[in-house]
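In my numbering, the protein residues as written are 274 to 495.
Heads up, the beta-carbon is just placed ideally off N, CA and C, and yes, glycines get one too.
Presented below is the structure to which this report refers.
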Amino acid sequence: MKKRLFYYLLMLALLGSCAALKPKREVVDNILSSSSPKMTVKVDPSLTYLGDLRYGKWTYDVSEYYKKQQTQKVHAFVFVTAEGTMIKKALIIKIHKMKKDRHFTADQLAHKKNILDRGNLRLAGKRFQYYSKAIIITMGDPVAEYIYNKGYTTPDHVLMTRIMRVRDLGKTLINFNYYEDISDSGFGDYNSWRNKDDLYDEQWNYLDESKKNCLTAFEILQ
Numbered sequence: 274m275k276k277r278l279f280y281y282l283l284m285l286a287l288l289g290s291c292a293a294l295k296p297k298r299e300v301v302d303n304i305l306s307s308s309s310p311k312m313t314v315k316v317d318p319s320l321t322y323l324g325d326l327r328y329g330k331w332t333y334d335v336s337e338y339y340k341k342q343q344t345q346k347v348h349a350f351v352f353v354t355a356e357g358t359m360i361k362k363a364l365i366i367k368i369h370k371m372k373k374d375r376h377f378t379a380d381q382l383a384h385k386k387n388i389l390d391r392g393n394l395r396l397a398g399k400r401f402q403y404y405s406k407a408i409i410i411t412m413g414d415p416v417a418e419y420i421y422n423k424g425y426t427t428p429d430h431v432l433m434t435r436i437m438r439v440r441d442l443g444k445t446l447i448n449f450n451y452y453e454d455i456s457d458s459g460f461g462d463y464n465s466w467r468n469k470d471d472l473y474d475e476q477w478n479y480l481d482e483s484k485k486n487c488l489t490a491f492e493i494l495q
């Protein structure tokens, strides 16, 4: 009886410690609060909070004969602006946590392709990297599938500005992903935005406005 009581109390202690270690993240009145990483983000009220989802990112590990492994855990928070059921703008805040002995590289721009614009900026006194590009939305994206299951339709092509910062000695990556329906630009489809050397001045102006919209879509309070 004493042995059972001991194991019961031990299990309660372990469960309690696990609950204490689990990060607390929530959105109240369009303000995202996170205990790990520690941050508070206010999202513009023009974007409606749809909810959050968690999923894993998988890679093939060459060192283990192409064994497929889950290397990251992702917690995504979804905010959208829609006309009817069509998404016109979206802000997806993602917190990536690297598993095991892997780390994110400090330079997140090194291997990006078809980038229209890139650089560094400071938000809340911290250094972030950013890049902009045109992308194709597919149902293979867990966030796109989540939005679809909420009753909305996503554009086929969007202009994306991603603002990011690596933290916790390379174990955490924070992404602010801002999307705008590319058809609203009036400058054609995805193919018209693939190569920065082919952009017209009007497209550069539109891209600058889209980046400004990204920066006004959220504010890091701490």
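>> Extract the residue ranges of the beta strand (DSSP E) inside the segment 332 to 417, only unbroken runs of 3 or more that lie entirely within it.
In response: Look at the segment 332 to 417 and you find these whole runs of beta strand (DSSP E), each 3 residues long or longer: 340 to 356, 359 to 371, 390 to 396 and 399 to 409.
> How big is the Cα-Cα spacing for Q381 and I493?
Replying inline: The residue given as residue 381 occupies position 108 in the sequence shown. The residue given as residue 493 occupies position 220 in the sequence shown. Taking the straight line from one Cα to the other gives about 20 Å.
> Out of curiosity, what's the CA-to-CA distance linking K469 and K295?
Replying inline: Here residue 469 refers to the residue found at position 196 when the sequence shown is read from its first residue. Here residue 295 refers to the residue found at position 22 when the sequence shown is read from its first residue. So the two alpha carbons sit approximately 43 Å from each other.
> In or out: H430 buried (at least 16 other Cβ within 10 Å) or exposed?
Replying inline: Residue mapping note: residue 430 aligns to position 157 of the sequence shown, counting from 1. Label assigned to H430: buried.
> Is I388 closer than 8 Å to Y404 when the C-beta atoms are compared?
Replying inline: Looking up residue 404 in the sequence shown gives position 131. Looking up residue 388 in the sequence shown gives position 115. Remark: C-beta atoms of Y404 and I388 approach each other more closely than 8 Å.
> Can you list the beta strand (DSSP E) stretches of 3 or more residues lying completely in the segment 442 to 469, in chain order?
Replying inline: 445 to 454
> Touch check for the segment 362 to 373 and the segment 451 to 461: three-plus C-beta pairs under 8 Å?
Replying inline: yes
>> Given this structure, state the Cα-to-Cα distance separating V301 from N464, to the nearest angstrom.
In response: Numbered from its first residue, the sequence shown carries residue 301 at position 28. Numbered from its first residue, the sequence shown carries residue 464 at position 191. Those two C-alpha atoms are separated by around 39 Å.
> Is the distance from the Cβ of V351 to the Cβ of I447 below 8 Å?
Replying inline: In the sequence shown, the residue the question calls residue 351 occupies position 78. In the sequence shown, the residue the question calls residue 447 occupies position 174. No; because the gap between Cβ atoms is not below 8 Å, this pair is not in contact.
>> Could you check whether P310 and I368 sit closer than 8 Å to each other, using their CB atoms as the reference points?
In response: Taking the sequence shown and counting its residues from 1, the one referred to as residue 368 is at position 95. Taking the sequence shown and counting its residues from 1, the one referred to as residue 310 is at position 37. Cβ distance < 8 Å, so I368 and P310 count as in contact.
>> Restricting to Cα atoms, I'd like to know which of L320, A379, K386 and P318 is closest to V439.
In response: Here residue 439 refers to the residue found at position 166 of the sequence shown. Taking only the C-alpha atoms, the option nearest V439 is A379.
> Do the CB positions of Y425 and T354 come within less than 8 Å of each other?
Replying inline: Translated into positions along the sequence shown, residue 425 becomes position 152. Translated into positions along the sequence shown, residue 354 becomes position 81. No. Outside cutoff.
>> Tell me which residue opens and which closes the alpha helix (DSSP H) that L480 is part of.
In response: Locating residue 480 in the sequence shown gives position 207, where the first residue counts as 1. First-last of the alpha helix (DSSP H) with L480: D474 to A490.
> According to the neighbour-count rule (16 or more other Cβ atoms, all chains shown, within 10 Å of its Cβ), is Q476 buried or exposed?
Replying inline: Here residue 476 refers to the residue found at position 203 when the sequence shown is read from its first residue. By the neighbour-count rule (16 or more Cβ atoms within 10 Å), Q476 is buried.
> Looking only at DSSP bridge pairs, what is D511 linked to?
Replying inline: Absent from the structure is residue 511, since the part of the chain shown begins at 274 and ends at 495.
> Between K485 and G392, what straight-line distance do the alpha-carbon atoms span, to the nearest angstrom?
Replying inline: Translated into the one-based positions of the sequence shown, residue 485 becomes position 212. Translated into the one-based positions of the sequence shown, residue 392 becomes position 119. Spanning the two alpha carbons is a distance of roughly 14 Å.
> Among the residues of its own chain, which have a CB less than 8 Å from the CB of I409, if the five just before and after it don't count?
Replying inline: For the purposes of this step, residue 409 is taken as the residue at position 136 of the sequence shown. Hits under 8 Å: D429, H430 and Y463.
> Apart from the five residues on each side of it in sequence, which residues of its chain come closer than 6 Å, Cβ to Cβ, to K444?
Replying inline: The sequence position of residue 444 within the sequence shown is 171, counting from 1. Only M371 meet the Cβ criterion.
>> In the DSSP assignment, the beta strand (DSSP E) including T227 goes from what residue to what residue?
In response: The requested residue 227 is not part of the displayed model; the chain covers only 274 to 495.
> What whole-angstrom Cβ distance do L305 and V314 have, given they're in contact under 8 Å?
Replying inline: Translated into positions along the sequence shown, residue 305 becomes position 32. Translated into positions along the sequence shown, residue 314 becomes position 41. 4 Å between Cβ atoms; contact.
> Going by the CB atoms, is the gap between L432 and S458 shorter than 8 Å?
Replying inline: Here the question's residue 458 lines up with position 185 in the sequence shown. Here the question's residue 432 lines up with position 159 in the sequence shown. Cβ distance < 8 Å, so S458 and L432 count as in contact.
>> So, for F401: in the same chain, excluding its five sequence neighbours on each side, which residues have a beta-carbon less than 6 Å away from its beta-carbon?
In response: To locate residue 401, count along the sequence shown from 1; it is residue 128. Scanning its chain for C-beta atoms nearer than 6 Å, with the 5 sequence neighbours on each side dropped, one finds around F401 the residues L394, I436 and R438, in chain order.
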